[in-house]
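Colleague: Submitted below is the structure of interest, expressed as structure tokens.
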Amino acid sequence: MGGQREKDGAGDAALLRAVAAGDPAAMADLYDRHAGWLHARLTRRCADPEVVREVLQDTFVTVWRSAAGHRGEEAGGWLWTIAARRLVDARRAQERAARVAGPPLEPEPHGGYEPAASAEDRVLAGLEYGDVGAALDRISPELREVLRATVVDGLSTREAARLLGIPEGTVKSRARRARAELRTALGHLNPSPLGGMA
């Protein structure tokens with residue numbers, strides 16, 4: 001199994017070099033290898049299929065334009081980093097548009113309505129823009145990425161290690177440190193465990 005992963009990694013590196021040289025067939029191969037799992041992970045983070053399609057497309061457009069900048073890390077981790085950033089960009093654009101457009105529409109008597117954001121979308125938006133998002137911004141990027149992979153994306157330690165290109169023990173220790181730093185950063189919000197006066 002490990003041998004196949006190494007072959008895939010070497011194949012991805014060769015494909016990225018070919019994409020950087022402008023080879024559209026290599027881009028198609030890279031897309032075929034990675035679009036499925038990227039789509040699945042994006043769908044877990046965003047309930048709007050149109051946004052997922054746009055983010056996936058933007059991800060591969062970015063790969064096409066910046067493949068020469070790939071520094072040799074695992075292609076899957078690099079692709080997911082791009083996709084996650086594009087998703088954040090899409091959410092920010094939606095947030096700006098919602099502020100300009102006003103409140104969401106209520107259901108109309110004839111049954112038509114503009115669907116409100118799903119509970120998952122609201123939680124994830126809170127991770128980007130709310131107090132948790134601000135606290136996440138205060139911790140180091142390495143810790144933040146581990147926390148997002150293991151908590152937000154629901155990956156196992158092994159999956160997160162593979163995605164991020166670090167040992168499993170490092171994932172565990174960073175996750176522990178990230179939770180401690182996040183707890184400290186959020187401490188000012190609710191100093192009493194029961195929400196009352198301390």
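FYI, the UniProt record's numbering numbers position 161 of the sequence shown as 161, with every residue one higher than the one before it.
Here a beta-carbon is modelled for each residue, glycine too, at the ideal position from N, C-alpha and C.
Could you check what DSSP says for L155 in three-state terms: helix, strand or coil?
Modeller: The answer is coil: DSSP assigns L155 none of H, G, I, E or B.
Colleague: According to DSSP, is E95 helix, strand or coil?
Modeller: Note: E95 maps to helix in three-state DSSP.
Colleague: From L163, A178, I139, pick the residue whose C-alpha is nearest to that of A84; which is it?
Modeller: Ranking L163, A178, I139 by Cα distance to A84 puts L163 first.
Colleague: So what does DSSP say about A47, is it helix, strand or coil?
Modeller: In this structure, A47 counts as coil in the three-state DSSP scheme.
Colleague: Is DSSP giving P24 helix, strand or coil here?
Modeller: P24 falls in the helix class under three-state DSSP.
Colleague: For the alpha helix (DSSP H) containing R177, list its first residue and its last residue.
Modeller: Here the alpha helix (DSSP H) through R177 covers 168-186.
Colleague: Could you check whether D29 and L38 sit closer than 8 Å to each other, using their CB atoms as the reference points?
Modeller: Contact: no.
Colleague: Can you tell me whether V61 is buried or exposed? The criterion is at least 16 other CB atoms within 10 Å of its CB, across all chains shown.
Modeller: Exposed: under 16 other Cβ atoms inside 10 Å.
Colleague: Taking 8 Å as the threshold (C-beta atoms), are W64 and M27 in contact?
Modeller: Yes, they are a contact pair.
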